[in-house]
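Structure record follows, encoded as structure tokens.
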Amino acid sequence: MKPPSEMKRELKENDTSPLYVGVKQVILDRIQSGAWPPKFRVPSENELVVELGVSKMTANRALRELANEGELVRIQGVGSFVAERKGYSALFEVRNIAEEIAERGHVHEASVIVLAQESASPEIADALELPIGAAVFHSLIVHSENGVPVQIEDRFVNPGAAPDYLEQNFGDMTPNAYLTMAAPLSGAEHVVEATMPRAWECKLLTILNTEPCLMIRRRTWSAKQVVSAARLVYPGHRYRLQAQSGKTFEE
């Protein structure tokens, strides 16, 4: 932890903003520099009062807002700790989750729960633009990052677009990677929802049934043919979705 005099100096650099904003920035600077790594216990309200010369109300607001923004985790009676960084998934791109995890320097694992031919229900037939009862391929896979489940991929595939789908080893190659080769992507549709997990999803993701989840319903096309319809479920506290449009510029 920095000496009080140095922390006060940092706070003075923010004197054009409300004091609680300055306190937040001091804490964020320590987190972003790596001086306070994930799970590090940050100074308490009383410690911040002494070190930064602010009121307890100001310190409380700074810590509370940082917790609401996901930068800190506050545990009643214990203290505030630097939150672990969440993984993220590109929202409007159809990316390979194995590549996303590898880019973070982490290990991807896939557990195949279901890989079979089934008859299309009315909902699936509509999504794939096939007759009700038509043969479809179904895969249910749990993707993990460093041994922790981060996504359920529940996917239905049009056999006409990927006839060899059931013959693939999806422990080594993701469905996304295979379908990109078998039926090159020409378009995609995304629907994002907040949802509560079903009982079987809780077991696969090793979460409580009170854990909110993020869900993407994604359909993909190759030329004018629907290739697949997938339902992707992420534990809310382990993942975030990210989107960017247009160009960004640095001054």
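The number in our numbering is simply the position in the sequence shown, starting from 1, with 990 added.
Cβ atoms here follow ideal geometry from the backbone N, Cα and C, with glycine treated the same way.
Being a predicted model, the structure only gives us computed values, none of them experimental.
Three-state secondary structure (DSSP) of residue i
{"i": "THR1185", "result": "strand"}
{"i": "VAL986", "result": "In the structure displayed, the chain extends from 991 to 1241; residue 986 sits before or after that span and is not available."}
{"i": "VAL1032", "result": "coil"}
{"i": "VAL1040", "result": "helix"}
{"i": "SER1111", "result": "coil"}
{"i": "PRO1121", "result": "coil"}
{"i": "ILE1197", "result": "coil"}
{"i": "ASP1162", "result": "coil"}
{"i": "LEU1156", "result": "helix"}
{"i": "LEU1175", "result": "coil"}
{"i": "ALA1088", "result": "helix"}
{"i": "GLU1059", "result": "coil"}
{"i": "ALA1025", "result": "coil"}
{"i": "VAL1102", "result": "strand"}
{"i": "ALA1219", "result": "strand"}
{"i": "GLY1069", "result": "strand"}
8 Å contact criterion, which residue i and residue j should meet: CB distance rounded
{"i": "ALA1219", "j": "ILE1114", "result": "7 Å"}
{"i": "VAL1181", "j": "ARG1207", "result": "4 Å"}
{"i": "TRP1026", "j": "VAL1072", "result": "5 Å"}
{"i": "GLU1191", "j": "ILE1142", "result": "6 Å"}
{"i": "SER1070", "j": "VAL1032", "result": "5 Å"}
Alpha carbon of residue i to alpha carbon of residue j, nearest angstrom
{"i": "PRO1028", "j": "THR1200", "result": "24 Å"}
{"i": "LEU1056", "j": "ILE1017", "result": "9 Å"}
{"i": "LYS1046", "j": "VAL1013", "result": "11 Å"}
{"i": "ARG1221", "j": "MET1186", "result": "14 Å"}
{"i": "ILE1021", "j": "ASN1159", "result": "41 Å"}
{"i": "ILE1065", "j": "ALA1092", "result": "32 Å"}
{"i": "GLU1061", "j": "SER1212", "result": "40 Å"}
{"i": "LEU1169", "j": "GLU1157", "result": "13 Å"}
{"i": "VAL1132", "j": "ALA1100", "result": "6 Å"}
{"i": "ILE1122", "j": "GLU1090", "result": "35 Å"}
{"i": "LEU1038", "j": "SER1023", "result": "19 Å"}
{"i": "GLY1137", "j": "HIS1227", "result": "16 Å"}
{"i": "LEU1118", "j": "ARG1094", "result": "33 Å"}
{"i": "ILE1087", "j": "GLU1059", "result": "25 Å"}
{"i": "PRO1112", "j": "PRO1008", "result": "57 Å"}
{"i": "ALA1106", "j": "PRO1153", "result": "12 Å"}
{"i": "VAL1068", "j": "ARG1051", "result": "17 Å"}
{"i": "SER1134", "j": "VAL1216", "result": "27 Å"}
{"i": "ASP1019", "j": "VAL1044", "result": "18 Å"}
{"i": "VAL1102", "j": "MET1205", "result": "19 Å"}
Short Cβ contact (8 Å threshold) for residue i with residue j
{"i": "ALA941", "j": "ALA1173", "result": "The requested residue 941 does not occur in the structure, where the chain is confined to residues 991 to 1241."}
{"i": "ALA1178", "j": "THR1210", "result": "yes"}
{"i": "VAL1104", "j": "LEU1130", "result": "yes"}
{"i": "PRO1225", "j": "VAL1140", "result": "yes"}
{"i": "LEU1053", "j": "GLU1035", "result": "yes"}
Item to complete: Determine contact between the region 1157 to 1165 and the region 1189 to 1199, defined as no fewer than three beta-carbon pairs at a distance below 8 Å.
Response: Taking 8 Å as the limit for Cβ pairs, the verdict is that the region 1189 to 1199 does not touch the region 1157 to 1165.
Practice prompt. Flag this pair as touching only if the region 1145 to 1157 and the region 1117 to 1132 have three or more C-beta atom pairs under 8 Å; answer yes or no.
Written response: Touching, per the Cβ criterion.
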